[in-house]
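Just so you know, the sequences run in chain order H and G.
The numbers in the first sequence follow our numbering, run straight up by one, and end at 197.
The numbers in the second sequence follow our numbering, run straight up by one, and end at 197.
C-beta: ideal position from N, C-alpha, C; glycine also.
There are 2 protein chains.
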Amino acid sequence: MATEKNTTRDRILEATLNLLQAGGGGGVRMSDIASTVGISRQALYLHFPNRADLLVAASRHVDDKNDIEGRLVPSRTAKTGRERLAAWIGAFGNYIPIIHGVAKALLAMKDTDTAAMTAWNDRMQAVRQGCAAAVDALEADGDLFDGLTSEEATDWLWMLVSVRNWEHLCRECGWSQARYIEVMQQTAARTLIAR
Amino acid sequence: MATEKNTTRDRILEATLNLLQAGGGGGVRMSDIASTVGISRQALYLHFPNRADLLVAASRHVDDKNDIEGRLVPSRTAKTGRERLAAWIGAFGNYIPIIHGVAKALLAMKDTDTAAMTAWNDRMQAVRQGCAAAVDALEADGDLFDGLTSEEATDWLWMLVSVRNWEHLCRECGWSQARYIEVMQQTAARTLIAR
DNA sequence: GTGTCAACTTGACACTATGTCAAGTGACGT
DNA sequence: ACGTCACTTGACATAGTGTCAAGTTGACAC
């Protein structure tokens, strides 16, 4: 799956991801990453100018490793709006646990670090595109609930599939991943599809 | 409304709330609070052992000032489950903007500071109680959608009314407070009430 | 007046984590 | 032999929290 390049840069990214995944996204320091890779803390700064850039690079690295494009094929090729909505929620919802570590770390930096904020916003804007596409497909079928504008429906779906909400249900409330996907699909259908 | 006690302690809490409200919950330092009150930074530690305790006290102070109990009366006295659900979402949803500053600051500390985490969890557990009461009322009327257990319905409603989701729609997407309440009520009704 | 107590001030310091700077080492290619 | 690249070592700046010790000030008691 991964094209293990084994350069120091890639080893740094791998170590970062492992630590973030293990530590639940919190409290991973530059020195932790360095010692895991087996290099000095300062050597990290030869590869990444700062912590925010390292985290952003790590999040792109996850996408590369996990065939983000392939995951979206079922959503893009869905025949109906309803199918597209379910496929989108399935695809993105199942991707969340994979990026969760990095996402949480970036999310935590968002409030203090402007670089981290822009990077996170960029990524989230892409998610909004996915939501908009699903809403548009529903609307094209005449299936969109008329109590919401398509803009509102997009914002709402974007909120529904947020990392925070996944964290809430799957981590804090102990839901299984499968049940999370089921309920989110059901919820979205009941709220967004006209009766 | 507030019983302006004007002790140093109260002036600290007021200043903290004002700064958090103004600064959007981020980047308020102990020294900022001290200089706003007009005392030395060290004097803060004569009243509160640390930043987490100060924030927690500030959040309790908000409750005292804003008649949290009174706000819940319409929800508790609702005649039907449907009414109770709408009243609860209205009451809590309209309280979020008031506590938002403090909530965000506490939320940011949650990942690093265990004291902040327990305090926040306590408060959120109370919110879950409110959600559970609304779900129970629906169930008592036989109106609860049978695709969800009552536990699941509670978790889901708890997620729906989270501070993060309010932030997402009202701050990031620019929804009005009134529209936020409307759509959340609609969403909850469509998802939780049997057809 | 004198004593004392509480609230507050001033200033120094420890700690943690990020990020910077400068000088040095060791392997590898030519 | 020479340079260069990737890395090391160690010192240092900065920001913010929290701690410690030694004052100051004002009110109240006697």
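Chain-ordered neighbours of residue i on chain G, where CB pairs are closer than 8 Å
i                         : result
tryptophan 158 of chain H : Leu171, Val185 and Thr189
Neighbour list for residue i in chain H, Cβ cutoff strictly below 7 Å
i                       : result
cysteine 175 of chain G : Asp157
glutamate 85 of chain G : Per Cβ cutoff of 7 Å: no residues; glutamate 85 of chain G is ~19 Å from chain H at best.
Residue i: contacting residues in chain G (beta-carbon distance under 9 Å)
i                         : result
asparagine 167 of chain H : Met161, Leu162, Ser164, Arg166 and Asn167
Proximal residues of chain G, C-beta to C-beta of residue i below 7 Å
i                        : result
threonine 193 of chain H : Thr189, Arg192 and Thr193
alanine 110 of chain H   : Asp113
glycine 149 of chain H   : Gln188
glutamate 71 of chain H  : Going along chain G, no residue has its Cβ under 7 Å from glutamate 71 of chain H, so there is no contact; the nearest lies around 26 Å.
Cross-strand partners of residue i (DSSP beta bridge)
i                      : result
leucine 146 of chain H : H:Ile195
For residue j and residue i, believed in contact at Cβ under 8 Å, the rounded distance
i                        : j                        : result
leucine 159 of chain H   : cysteine 133 of chain H  : 4 Å
histidine 63 of chain H  : valine 165 of chain H    : Incorrect: roughly 18 Å between the Cβ atoms, too far for contact.
leucine 162 of chain G   : valine 104 of chain G    : About 21 Å separates the two Cβ atoms, so there is no contact after all.
threonine 189 of chain H : threonine 193 of chain G : 5 Å
alanine 128 of chain G   : alanine 54 of chain G    : Not a contact, Cβ separation roughly 18 Å.
arginine 73 of chain G   : alanine 93 of chain G    : 5 Å
lysine 106 of chain H    : glycine 27 of chain H    : 3 Å
proline 76 of chain H    : alanine 89 of chain H    : 4 Å
isoleucine 41 of chain G : threonine 10 of chain G  : 7 Å
alanine 118 of chain G   : leucine 56 of chain G    : Wrong, their Cβ atoms sit about 10 Å apart, outside the cutoff.
Cβ-heavy atom distance, residue i to the ligand MN, below 7 Å
i                     : result
leucine 21 of chain H : As far as ligands go, the structure on display features none, and thus does not contain the ligand MN.
Check whether the region 139 to 146 of chain H touches the region 142 to 157 of chain G, counting contact only when three or more Cβ pairs, one atom from each stretch, lie closer than 8 Å. The answer is no - the region 142 to 157 of chain G does not touch the region 139 to 146 of chain H, with fewer than three Cβ pairs under 8 Å.
Quick one: which residues of the region 26 to 37 of chain H get their C-beta closer than 7 Å to a C-beta of chain G? List them in chain order. Of all residues in the region 26 to 37 of chain H, the ones placed with a Cβ closer than 7 Å to any Cβ belonging to chain G are Gly28 and Gly29, in chain order.
Between the region 131 to 146 of chain G and chain H, which residues of the former have CB atoms less than 7 Å from a CB of the latter, in chain order? Contact annotation: in the region 131 to 146 of chain G, no residue has its CB less than 7 Å from a CB in chain H.
Within 8 Å, do at least three Cβ pairs link the region 35 to 51 of chain G to the region 6 to 23 of chain G? Short answer: they touch.
May I ask you to list, following chain order, the residues of the region 3 to 22 of chain G that have a beta carbon less than 8 Å from some beta carbon of chain H? Taking 8 Å as the cut-off between beta carbons, none of the residues of the region 3 to 22 of chain G comes near chain H.
I'd like to know if the region 181 to 191 of chain G and the region 111 to 129 of chain G are in contact, where contact means that at least 3 CB-CB pairs between them fall below 8 Å. The answer is no - the region 111 to 129 of chain G does not touch the region 181 to 191 of chain G, with fewer than three Cβ pairs under 8 Å.
Three CB pairs or more closer than 8 Å across the region 42 to 53 of chain H and the region 77 to 96 of chain H: Contact between the region 42 to 53 of chain H and the region 77 to 96 of chain H is absent, because fewer than three Cβ pairs lie under 8 Å.
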